[in-house]
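Remarks on the structure that follows.
There are 2 protein chains.
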Amino acid sequence: MKSDRPTIRDIAAMAGVSAGTVSRAMNGLPGVGADTRRRISEIIAEQGFRVDATARQLSTGRSNTLGVLFPLHASEVVMHPIYPELLGALGDAAERAGYDILLLTMSRDQPAHVRDTVVRRRVDGVVMPAAGPRDPLLRQLTDLGAPVVLIGHRSRLPSVGWVDCTHDTAAREVTRMMLDAGRRDLVLMNGPVHVSACKLRSAGFWAEVTEAGPAVASAREVSVPFDTAAATAEALTLLSGDSPPDAIVCASDTIAAGVLDAARSLGLSVPDDLAVSGFDDSPFGALTQPTLTTVRMPLHDIGRAAAEMLFAMIDQRPTSRRVVLPTEVVVRASTSPAFMPPAP
Amino acid sequence: MKSDRPTIRDIAAMAGVSAGTVSRAMNGLPGVGADTRRRISEIIAEQGFRVDATARQLSTGRSNTLGVLFPLHASEVVMHPIYPELLGALGDAAERAGYDILLLTMSRDQPAHVRDTVVRRRVDGVVMPAAGPRDPLLRQLTDLGAPVVLIGHRSRLPSVGWVDCTHDTAAREVTRMMLDAGRRDLVLMNGPVHVSACKLRSAGFWAEVTEAGPAVASAREVSVPFDTAAATAEALTLLSGDSPPDAIVCASDTIAAGVLDAARSLGLSVPDDLAVSGFDDSPFGALTQPTLTTVRMPLHDIGRAAAEMLFAMIDQRPTSRRVVLPTEVVVRASTSPAFMPPAP
DNA sequence: CCGGTTTACGCAACCGGTTGCGTTATCCTG
DNA sequence: CAGGATAACGCAACCGGTTGCGTAAACCGG
Numbered sequence: 001m002k003s004d005r006p007t008i009r010d011i012a013a014m015a016g017v018s019a020g021t022v023s024r025a026m027n028g029l030p031g032v033g034a035d036t037r038r039r040i041s042e043i044i045a046e047q048g049f050r051v052d053a054t055a056r057q058l059s060t061g062r063s064n065t066l067g068v069l070f071p072l073h074a075s076e077v078v079m080h081p082i083y084p085e086l087l088g089a090l091g092d093a094a095e096r097a098g099y100d101i102l103l104l105t106m107s108r109d110q111p112a113h114v115r116d117t118v119v120r121r122r123v124d125g126v127v128m129p130a131a132g133p134r135d136p137l138l139r140q141l142t143d144l145g146a147p148v149v150l151i152g153h154r155s156r157l158p159s160v161g162w163v164d165c166t167h168d169t170a171a172r173e174v175t176r177m178m179l180d181a182g183r184r185d186l187v188l189m190n191g192p193v194h195v196s197a198c199k200l201r202s203a204g205f206w207a208e209v210t211e212a213g214p215a216v217a218s219a220r221e222v223s224v225p226f227d228t229a230a231a232t233a234e235a236l237t238l239l240s241g242d243s244p245p246d247a248i249v250c251a252s253d254t255i256a257a258g259v260l261d262a263a264r265s266l267g268l269s270v271p272d273d274l275a276v277s278g279f280d281d282s283p284f285g286a287l288t289q290p291t292l293t294t295v296r297m298p299l300h301d302i303g304r305a306a307a308e309m310l311f312a313m314i315d316q317r318p319t320s321r322r323v324v325l326p327t328e329v330v331v332r333a334s335t336s337p338a339f340m341p342p343a344p
Numbered sequence: 001m002k003s004d005r006p007t008i009r010d011i012a013a014m015a016g017v018s019a020g021t022v023s024r025a026m027n028g029l030p031g032v033g034a035d036t037r038r039r040i041s042e043i044i045a046e047q048g049f050r051v052d053a054t055a056r057q058l059s060t061g062r063s064n065t066l067g068v069l070f071p072l073h074a075s076e077v078v079m080h081p082i083y084p085e086l087l088g089a090l091g092d093a094a095e096r097a098g099y100d101i102l103l104l105t106m107s108r109d110q111p112a113h114v115r116d117t118v119v120r121r122r123v124d125g126v127v128m129p130a131a132g133p134r135d136p137l138l139r140q141l142t143d144l145g146a147p148v149v150l151i152g153h154r155s156r157l158p159s160v161g162w163v164d165c166t167h168d169t170a171a172r173e174v175t176r177m178m179l180d181a182g183r184r185d186l187v188l189m190n191g192p193v194h195v196s197a198c199k200l201r202s203a204g205f206w207a208e209v210t211e212a213g214p215a216v217a218s219a220r221e222v223s224v225p226f227d228t229a230a231a232t233a234e235a236l237t238l239l240s241g242d243s244p245p246d247a248i249v250c251a252s253d254t255i256a257a258g259v260l261d262a263a264r265s266l267g268l269s270v271p272d273d274l275a276v277s278g279f280d281d282s283p284f285g286a287l288t289q290p291t292l293t294t295v296r297m298p299l300h301d302i303g304r305a306a307a308e309m310l311f312a313m314i315d316q317r318p319t320s321r322r323v324v325l326p327t328e329v330v331v332r333a334s335t336s337p338a339f340m341p342p343a344p
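Chains as they are written, first to last, in full-length UniProt numbering: chain A, 1 to 344; chain B, 1 to 344.
Shown next, in the form of structure tokens:
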């Protein structure tokens, strides 16, 4: 950094006032005359002066920084396409609000690194996407008094906020769509059940099955990791078993891709012999054969809501700490339209 | 932040020394007795003292922060699966080296925001993934004297470093693989030609075609955006034209997905009638039907190399500013194996 | 044992903002 | 016009580290 940028005292000297006055003028505080204020802001503009965030942090104790968790292990979290989209929404909201985003990389061999970074850098608040309420890190952060907002998980702790979407009603809608199309033997291929979103999806599925009563002949739920190969194997077992389902609701698009794969290798036609739905609206869902019916989460809204909740918590403004946003079912070719005659 | 954490003077008082001595002891500087040093580090450990990065920044002028560009518009850059993987590699390297990563969100309506953030936060160096040498931002940053490393682009400016991979030889290898399998009518479906990676891929393709001489009957190059729908349309035109190709080398997996789509709708068999290859090794490449032959870039190595180059530039250590890393061709089902009899 | 060098540390200024308090000038009201 | 209230600023201490310089003590060789 060769360029010695002007300090607030340089600006003050040019304007013939003291540094304190410049500070007050910049921050819109009272105690500065109208013409003085104007003169100062002119000089600031023409000098291209930008207040040094570091110095401001030191004196105010606030950094205007929010940390976002970035798990280095668990690459599936970060590599999942929802992650960058969330990050973008957070970044957008942060930029508008004058905050910067610090990546909180979390590796298995440095468990204290996130907490250390939060205190070292005076991070004002933390967003934890895809980290559960049982994560010990959450406890560490709340013990510090740092505001925390979870995304995609729900916590009972009153001090932590969360933003989530309607996994349950989404699963329910998809299930109903299957039933409306005449499917009678349903399977929910869920993800790991400790994931709170999966619990909700399960609840929605079973709620609809229960309500449908005799319209459904059989309903089962299995759990697989969010992994295409594992899903293929499980689907092969299901589809070549005694009572193969005619509809599989999957808890992720990667699982659904595995199911499509299994159906193909068994010579089953999708959606004629088998209806398949996914979750997440991953970009590749439009590229599969057939294209995948799935559930889109309002990621941009989720990110924005999380950021705004965090800002409110930082400023100690009252705010709802529980936000649930609506999902949207994206109907494509892997499910048949409603009111088709049921298979004989 | 309720917890008033101890300052360096508190530690000094407990150790019965001055703050300066504690500072020297922490940073391994000379001028501290062995037993004093030991006593101080014990107290630091038992108090859980962490040096305040803000204060240190202010006095040293260095922030131990590196900025990573995050274009909010141009979501295709960020949503591309290579982005999070790069980010992870950068984060990993940064964490090891004691740096933190600040996201430099760039939006169209705030063109100066990145530069402002770099000066405001005293960012030590900037990584620009997927930003070209002609980007005005690059100029702004170098004018500031900030070290910059590009990823995936090459610049002639001596002051900026870059890390890239062998797009040219990768394209060449794929093309040769096509020829070895008996293909004779080739098309390169390239991305936007202003992208430097696309220039290199084009060069590699044509180099191989030229060298193959009479083994190739025809060779063409077309340019489409990195977009599946656009690629489908273009591929339909090509494949239903007068002299349809028997091999299409694509500059991205998304383009290749479009080609697969077009082939399917024309009733062409891949790879029997048509060989298709992609680029980037996107996760969905293993899920397409047929699975996609593609090129994998060493993203983790690229990220690490970029980070380490940047650290060296920041410390004014000598370092290579041009790094090219090797790619790897991932052979799957969309290309046929070599030495098949050429089509009659 | 003595003079000079080295070592170990304290002191205080500094980094660049913010903010409470004190002072002076201006305004308003009776 | 006198008097107090108010507005507009300056001053200086602070935030929590770092670092150049000064000094006293320990050490060294001759």
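Backbone N, C-alpha and C define an ideal beta-carbon position, used for all residues, glycine too.
Is it right to say A/L29 is buried, meaning 16 or more other beta carbons lie within 10 angstroms of its own, or is it exposed?
exposed
With 8 angstroms set as the bound, which would you pick, yes or no: does the beta-carbon of B/G33 sit closer than that to a beta-carbon of chain A?
Output row for B/G33: interface = no.
Members of the stretch 76 to 104 of chain B that neighbour chain A once the beta carbon cut-off is set at 8 angstroms:
V78, M79, P81, Y83, P84, E85, L87, G88, G91, D92, A94, E95, D100, I101, L102 and L103
Out of curiosity, what's the CA-to-CA distance linking A/A89 and A/G191?
26 angstroms
Label A/A181 either buried or exposed according to how many other C-beta atoms from any shown protein chain fall within 10 Å of its C-beta, with 16 as the threshold for buried.
buried
So, helix, strand or coil for B/A343, using DSSP?
Legend: pLDDT at B/A343 = 48, less than 50; position of this residue unreliable, no value from coordinates given.
If we ignore side chains and look at the alpha-carbon of each, how far apart do B/G152 and B/S196 end up?
Roughly 8 angstroms between the two C-alpha positions.
Compute the Euclidean distance between the alpha carbons of B/E42 and B/N27, then round it to the nearest angstrom.
15 angstroms
Under 9 angstroms Cβ-Cβ, which residues of chain A neighbour B/S63?
Neighbourhood of B/S63 in chain A, by CB distance below 9 angstroms: T54, in chain order.
Are three or more beta carbon pairs between the stretch 55 to 71 of chain A and the stretch 267 to 281 of chain A nearer than 8 angstroms?
no
Kindly say whether A/V224, judged by its beta-carbon, lies nearer than 8 angstroms to any beta-carbon of chain B.
no
For B/K2, which three-state DSSP category applies?
At B/K2 the pLDDT is 41, less than 50, meaning the model places this residue with poor confidence; the figure from the coordinates comes in the next sentence. It is coil, neither helix nor strand.
Check this for me: beta carbons of A/G204 and A/A170, under 8 angstroms apart or not?
yes
Against chain A, does B/D116 count as a neighbour if the rule is that its beta carbon must be under 8 angstroms from one of theirs?
At a cut-off of 8 angstroms, the C-beta of B/D116 has a neighbouring C-beta in chain A.
Those residues which DSSP pairs with B/F70 across a bridge
B/T105
Determine whether the Cβ of B/T288 lies closer than 8 angstroms to any Cβ atom of chain A.
yes
Counting pairs of Cβ atoms below 8 angstroms between the stretch 120 to 134 of chain B and the stretch 147 to 164 of chain B, do you hit three or more?
A contact exists between the stretch 120 to 134 of chain B and the stretch 147 to 164 of chain B.
Relative to the C-alpha of B/A217, which candidate in B/R62, B/R184, B/L144 and B/M177 has its C-alpha closest?
B/R184
Below 8 angstroms on C-beta distance, what does B/S107 contact in chain A?
Within 8 angstroms Cβ-Cβ: D92 and E95.
A/T142: contacting residues in chain B (beta-carbon distance under 9 angstroms):
In chain order: nothing, as chain B lies at least about 11 angstroms away.
Given this structure, state the Cα-to-Cα distance separating B/R332 from A/L141, to the nearest angstrom.
46 angstroms
Looking at the C-beta of A/V119, does it have a partner C-beta in chain B at a distance below 8 angstroms?
yes
Looking at C-alpha atoms only, which residue of B/S320, B/A146 and B/R121 is the closest neighbour of A/Q57?
B/R121
Does any CB atom of chain A fall closer than 8 angstroms to the CB of B/L72?
yes
Is it buried or exposed for A/E234, if we count other Cβ within 10 angstroms and need 16 for buried?
buried
Whose Cβ in chain B lies nearer than 7 angstroms to the Cβ of A/A257?
L287
Straight-line CA distance for A/R39 to B/T232?
59 angstroms
Along the alpha helix (DSSP H) that carries B/V118, what are the first and last residues, could you check?
H113 to R120
Are the CB atoms of B/Q110 and residue 412 of chain A within a distance shorter than 8 angstroms?
The structure shown does not extend to residue 412 of chain A, since chain A spans only 1 to 344, so no value can be given for it.
Residues in the same chain with beta-carbon distance under 6 angstroms from A/V295, minus the five sequence neighbours each way, listed in chain order, please.
If we look at A/V295 and ignore the five residues flanking it on each side, its Cβ neighbours are A170, F279, T327 and V329.
Whose C-beta lies closer than 6 angstroms to the C-beta of B/A19 among residues of the same chain, with five residues either side of it excluded?
I8, R9 and A12
Cβ-based neighbour list, B/P6, same chain, cut-off 7 angstroms, excluding 5 preceding and 5 following:
Q47 and F49
Measure the C-alpha to C-alpha separation of A/S155 and A/L325 and round it to an integer number of angstroms.
16 angstroms
Near A/P290, which residues of its chain fall below 6 angstroms by C-beta distance, leaving aside the five closest residues on each side in sequence?
V270, A333 and S334
Just checking my contact of A/F311 with A/A97 at CB under 8 angstroms: how many whole Å lie between their CB atoms?
6 angstroms
Buried/exposed call for A/T237, threshold 16 Cβ in 10 Å:
exposed
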